[in-house]
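> Residue 8 in my numbering is what sits at position 7 of the sequence shown, and the numbering runs on without skipping anything. Ideal Cβ positions, reconstructed from N, Cα and C, are used throughout, including at glycine. Got a structure here, written out as structure tokens. Questions coming.
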Amino acid sequence: MIDLVSLKDFLVLCQMKSFSRAAERCHVSVSGLSRRIQGLEQWAGTPLLVRGKSAVEPTDAGRRLHATATEVVYALEGLRKSFRHDALDRQQRIRFSAPHIMSAVFFADWIPRLHSDFRSARFSVESDNLLACLTMLDEGSADYVVALIDEGDAVCRRVGLSADDADHQMLELGAERLVPVCVPNAAGAPAYDLRQAGSQPVSFLGYAEECHLGWSLQTLLQRHALKLHQVHEASLTDGLRHMALSGLGVAWLPETLVREDFSAKRLVRAAGPTLEVPLRCVLLRRSAPLSEQAHRLWEYLHELKLGSMQHSPEMLAG
């Protein structure tokens, strides 16, 4: 049977044209090299080399084998390197899946902060709606899901997560909140003021059904008898922000997302704190083993969590 080692030795022998020099290069005895070449010739059923007094030369069959062996060895060595690279990449890569909003309110600031402690790690973020992100997690194509969960756990109930779920583990990273916002009028007051809403419904910009922030908001809207008329909806939070900036109505948006809009007075709060939705930023993983770097991140964040409990509740890794 032909094997890769014998093919590589054959190529070296054709290059060196000497059994002794080729054996030294291949780190094998001359007799060992000779046996490997004999095995190749038995497999080929014909002589592959002419053993002259001054040099070893390939026969016609040897030259044909040399051409094919060069391609085969190169291809197999390249394949092996790619396997090793993929295995190394998997150990070093930390794969996140998260709803689109997290790229704006979380990852843009969080990953650069982690970089100094995880210089050998490679971060990747896949964005989709929360249900699709959880599917990626359960299928093993993501190590973590990062999401915003309401304190009433409406989101958890919607996706079937519970505190006693043995298949998943959850770590709280920090806090966020949905705040009702709209454009200001000429006097700088809210153009759609929920605190002074009269008999006419207020124009409301809502989340599409698949957006998990809408699930958290729905609980608040059911609790308060607000007169709202939904005129538009969007599946992406930034889409709602642009609608609000266009003066189309009130939207409940993450406070981090509209912080600069508040400072520039492009948007103002349309109501007080009672109509805000407190959220928890959570990191969710399966209970199954993680890759090396992904596991190190989990341990690292747990240590930060313990430290934040003793000092201040700021966003972990901040």
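Between the region 272-284 and the region 180-192, can you find at least three pairs of beta-carbon atoms closer than 8 Å?
Short answer: they touch.
> Where does N213 land, buried or exposed, given buried means 16+ other C-beta within 10 angstroms?
Taking the first residue of the sequence shown as position 1, residue 213 is located at position 212. For the sequence presented, residue 213 should be read as His rather than Asn. Under this definition H213 is a buried residue.
> For R286, which residues in the same chain have their Cβ closer than 6 Å to its Cβ, ignoring the five residues on either side in sequence?
Numbered from its first residue, the sequence shown carries residue 286 at position 285. Around R286: Y145 and Q170.
> On the DSSP bridge list, what partners appear for A176?
As a working mapping, residue 176 is identified with position 175 in the sequence shown. Partner(s): R281.
> Just how far apart, CA to CA, sit R114 and L291?
For the purposes of this step, residue 114 is taken as the residue at position 113 of the sequence shown. For the purposes of this step, residue 291 is taken as the residue at position 290 of the sequence shown. Roughly 22 Å between the two C-alpha positions.
> Mind checking whether L195 and A143 have CB atoms under 8 Å apart?
Locating residue 195 in the sequence shown gives position 194, counting from the first residue. Locating residue 143 in the sequence shown gives position 142, counting from the first residue. Not in contact: L195 and A143 (Cβ atoms no closer than 8 Å).
> Grouping DSSP H, G and I as helix and E and B as strand, with all else coil, what is I3?
As a position in the sequence shown, residue 3 is number 2, starting the count at 1. Three-state result, I3: coil.
> Using CA coordinates, which residue listed in I3, F107, S264 and A209 is at the minimum distance from V283?
In the sequence shown, residue 283 corresponds to position 282, counting from 1. Considering only alpha carbons, the answer is F107.
> Check this for me: beta carbons of G153 and K266, under 8 Å apart or not?
For the purposes of this step, residue 153 is identified with residue 152 of the sequence shown, where counting begins at 1. For the purposes of this step, residue 266 is identified with residue 265 of the sequence shown, where counting begins at 1. It is not a contact, given that the beta carbons lie outside the stated cut-off.
> Nearer than 7 Å: is that true of the beta carbon of G189 relative to any heavy atom of the ligand NAP?
As for the ligand NAP, it is missing from this structure, which has no ligand bound.
> Among Y208, R159, G215 and E177, which has the Cα closest to the Cα of G240?
By 1-based counting over the sequence shown, the position of residue 240 is 239. Measuring from the Cα of G240, the nearest candidate turns out to be Y208.
> Which same chain residues, not among the five before or five after S30, have their C-beta less than 8 Å away from its C-beta?
By 1-based counting over the sequence shown, the position of residue 30 is 29. Around S30: A24.
> Give the secondary structure of Q197 by DSSP, where H, G and I count as helix, E and B as strand, and everything else as coil.
Here residue 197 refers to the residue found at position 196 of the sequence shown. Reduced to three states, the DSSP call for Q197 is helix.
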